[in-house]
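The block underneath contains the structure these notes are about, expressed in structure tokens.
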Amino acid sequence: MKKKSLITLSVLLCASATIAQEKKETKLTVNMETPTKTPLDPQTLWKLGRVSAEGISPDGKTLIYGVSNYAVETNSSEKNLYTLSLETGNSTPLTSEKGGESVVQITENGDIIYLFKGQLWKKNRYKGEAVQLTNSDTELENVKLSPNGQYILFSKAVLIKKYHSTDKYQDLPKSDTYVFDNLDYRHWDTFNNGKFNHPFVASYNNGKIGEAIDLLQDEPFYSPQMPFGGSEDYEWTPDSKAVLYVSKKKFGTDYAVSTNTDIYRYDLATKQTTNLTEGMLGYDTNPTYSPDGTKLTWLSMKTDGYEADKNDIIVFDKASSQRLNLTAHWDGTVNSFTWSKDNRKIYFVAPSKGTVQLFELVVPTNFKNKSLASIKQISEGNFDITGIIGQVDNQLIVTSTKFTRATEVYRYDLKSKKLTPLTTVNDNMYAQISDNKIESRITKASDGQDLFSWVIYPPDFDPTKKYPTILYCEGGPQSALTQFYSFRWNLQLIASQGYIVIAPNRRGMPGWGVKWNEAISKDWGGQPIRDYLSAIDDISKEKYVDTTRRAAIGASYGGYSVYMLAGVHENRFKTLIAHNGLFDMRSWYGTTEEMFFANHELGGPYWDKANEKSYTTFNPSEYIEKWNTPILIFQGGHDYRVPIGQGLGAFQAAQLKKIKSRLVYLPDENHWVLSGHNAQVWQREFFGWLKETL
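Residue numbering for the sequence shown follows this note's numbering, starting at 202 and increasing by one per position.
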């Protein structure tokens, strides 16, 4: 019922009050109050739609986006595609079949080509039914069609090494044994079965795929990168005569200790491969041509073995044959970028002071003089710009989050600097969820430096009351702690259960300059831990903080932080929660898989005396005699980054010391928790523990 109608009804009721009182037959009450909002809970969190941006039509009139919805009853997620008119704002469903779709290409005539169940499909955004294009024996992955539409580029796993017994000894088909002679025997959450992702190129004609050529024939190298590389590791040249692909062409132990990926060019006519980034020793990724095809750009880190090095934008100008680092002089690190349509600018997103913002880079016109690019931040606010989809006139179409809002697609006006929502998938849900007050806070760290923190308060926060307070320890360790939105480590969700959450941007986080970002390496248990203590001590001066009810929580390096704090917090915390944290640095070094990470962050192996501090002073297991605080430990069975022995070792030590402790073992999960039902168990145990011990 409309508000105006309610008011009219109210007046009529008042006018007839006497008659109603005499008859006393009916009593009618009109509720003029707005619907009651309730704090966010785990069940509501998983009802939210998860929005993904898929692309913009060439004419700039239509946005394609995806929405994934989780079903508790089937413990599965369903993704469908939608079109949204950027002129009218109207949204229309594009797909509804069971199974997830992802857009490959949007053509000039309005055809949307997408992957569905491993095959290419086509549907026009204006009319008609979906048509299956390909019927390949191979499930297509990471597809990119050539600009002229005559070729297809895709990836496929190829058996190169016979690591598994059934491949090595075919007369023993019921055996299940792995035999390795090198490292890279397992990665992230899988053991190496001898198969390597390779890029393939074939002719393509309206769904018919010709004979495919393996660009890494018989080579034990990956492209896309493992474990998270995708189609962004591939690029067609504008003339469709060659493809670019990213690969770390190292094998075994050499592969495990290096981050030196390169960008390779494969010429279709000559079948020759050229290394375009020869001599560039760190990660080289995301090859992208300017709209006019005259310049190739990519992201690059300069140091081999340092995964969190400063990420710069490199450009190669064909006309001058010059290669230039466009962001070398800028004190920050780039997440992702896109070219402006006029070829004059590059827009990129990067961490900035506790958020992720938009930046504008003016590309130099004189490459021979190696002129410095002009760079400026163009957005500002308590939100994250998580990605740039493209440019439409004087606007950027972007994705954005904040602590209290999941990903949606927005329009950012380059003139007015305003951010306007385009998709509103979860607005109805958020209208029923209580708001949380979010504030920033500056603390003086133990060394006198300014330490920034986000503080998230419970709904209906009352500063005259006292609240239990939680220190959130971010992982990474060089991950930015910004206005992110998580479906597990959700700071709004935690605060909504009646807790104050403080989340410090301690040493090691990007967004505060390269020096601050690098300060954590080889100092894991030093200044970063003191930063955490400074932050919790500072907010504890507030009268609304119940200093008898404080907790510390975190995952990965955050879990390591909790284990370290367990030995040095001097009774600040009443309870602790660690998820997949590093507990014993010697055993961790001997069982983790990306050795380049361990070598850079700890300085090298434990048998090298030069690294002794990393394995003694900064080793949580060295402080067990000081542990006295209840602790909840989560551990994934398929986590090979921080293997199971870390969680078991911490739990066993706590139990033998008679400390109240609990182990939540997730045998089928990796470093994260991906199953919806498992995530619900995780939430229940997490909040149950806090209720029980805090």
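Every residue gets a Cβ at the ideal spot worked out from N, C-alpha and C, and that includes glycine.
Just to check my reading of the structure: residue 500 and residue 517 have Cβ atoms closer than 8 Å, yes? What is that Cβ distance to the nearest angstrom? About 13 Å; that fails the 8 Å criterion.
task: Kindly indicate the opening and closing residues of the beta strand (DSSP E) around residue 855.
output: Taken as a continuous stretch (DSSP letters only), residue 855 belongs to no beta strand (DSSP E), being part of the alpha helix (DSSP H) at 845-857.
Where residue 569 and residue 523 are concerned, what is the direct C-alpha to C-alpha distance, given to the nearest angstrom? C-alpha of residue 569 to C-alpha of residue 523: approximately 7 Å in a straight line.
Sequence ranges, alpha helix (DSSP H) only - wholly within the stretch 433-467, length at least 4 = 454-457
- What are the boundary residues of the beta strand (DSSP E) that includes residue 836? 832-837
Three or more C-beta pairs below 8 Å linking the stretch 644-655 and the stretch 248-264: no
### Query
Going by other Cβ atoms of all chains shown within 10 Å of its Cβ, with 16 needed for buried, is residue 376 buried or exposed?
exposed
Next on the checklist: Let's test the definition: count the other Cβ atoms within 10 Å of the Cβ of residue 373 and tell me whether it reaches 16, buried, or not, exposed.
Outcome noted: exposed
With 16 other Cβ atoms within 10 Å as the buried cut-off, status of residue 652: buried
Let's see if you can read the secondary structure: which residues bound the alpha helix (DSSP H) around residue 787? 786-790
Practice prompt. Could you tell me if residue 679 is buried or exposed, where buried requires 16 or more neighbouring beta carbons within 10 angstroms of its beta carbon?
Written response: By the 10 Å Cβ count, residue 679 comes out buried.
For residue 244, the nearest candidate out of 634, 739, 781 (CA to CA): Closest option to residue 244, judged by alpha-carbon separation, among 634, 739, 781: 634.
State the Cα-Cα distance for the pair residue 815 and residue 785, rounded to the nearest angstrom.
10 Å
Rounded to whole angstroms, what's the CA-CA distance from residue 274 to residue 878? Just pull it up for me. Rounded to whole angstroms, residue 274 to residue 878 spans 9 Å at the Cα level.
Inset, instruction - Taking only runs that begin and end inside the stretch 286-357, name each unbroken beta strand (DSSP E) of 3 or more residues, in chain order. - result: 292-294, 302-307, 312-317, 320-325, 342-346
Distance CB(residue 722)-CB(residue 802) smaller than 8 Å
yes
Practice item. State the start and end residues of the unbroken beta strand (DSSP E) segment that holds residue 398. Key: 396-406
> Less than 8 Å separating the beta-carbons of residue 750 and residue 773?
Replying inline: no
Return the chain-ordered list of same chain residues with a C-beta closer than 6 Å to the C-beta of residue 780, the five sequence neighbours on each side being excluded.
756, 760, 835
(message) Here's the rule: buried if 16 or more other CB atoms are within 10 angstroms of the residue's CB, otherwise exposed. What is residue 226?
(response) Caution is warranted here: a pLDDT of 38 is assigned to residue 226, below 50, making its placement in the model unreliable, and the coordinate value is therefore given only provisionally. That one is exposed.
Task: Spatially closest choice to residue 765 from 805, 829, 295, by CA coordinates - done: 829
8 Å Cβ shell around residue 247 - same chain, five flanking residues per side excluded: The residues are 271, 273, 688, 877, 880, 881.
*Three-state secondary structure assigned by DSSP to residue 546*: strand
Can you list, in chain order, the residues of its chain whose CB lies under 7 Å from that of residue 388, leaving out five sequence neighbours each side?
427, 428, 794, 841
(message) Quick check on residue 509: does DSSP put it in helix, strand or coil?
(response) coil
The beta strand (DSSP E) that contains residue 531, what's its start and end?
Counting along the chain, residue 531 falls outside any beta strand (DSSP E), and DSSP gives it neither H nor E.
For residue 620 and residue 631, the rounded distance between their alpha carbons: 19 Å
(message) Using only CA atoms, which one of 490, 278, 422 lies nearest to residue 544?
(response) 490
One or two residues paired with residue 484 in a DSSP bridge: Residue 484 is not bridged to any residue.
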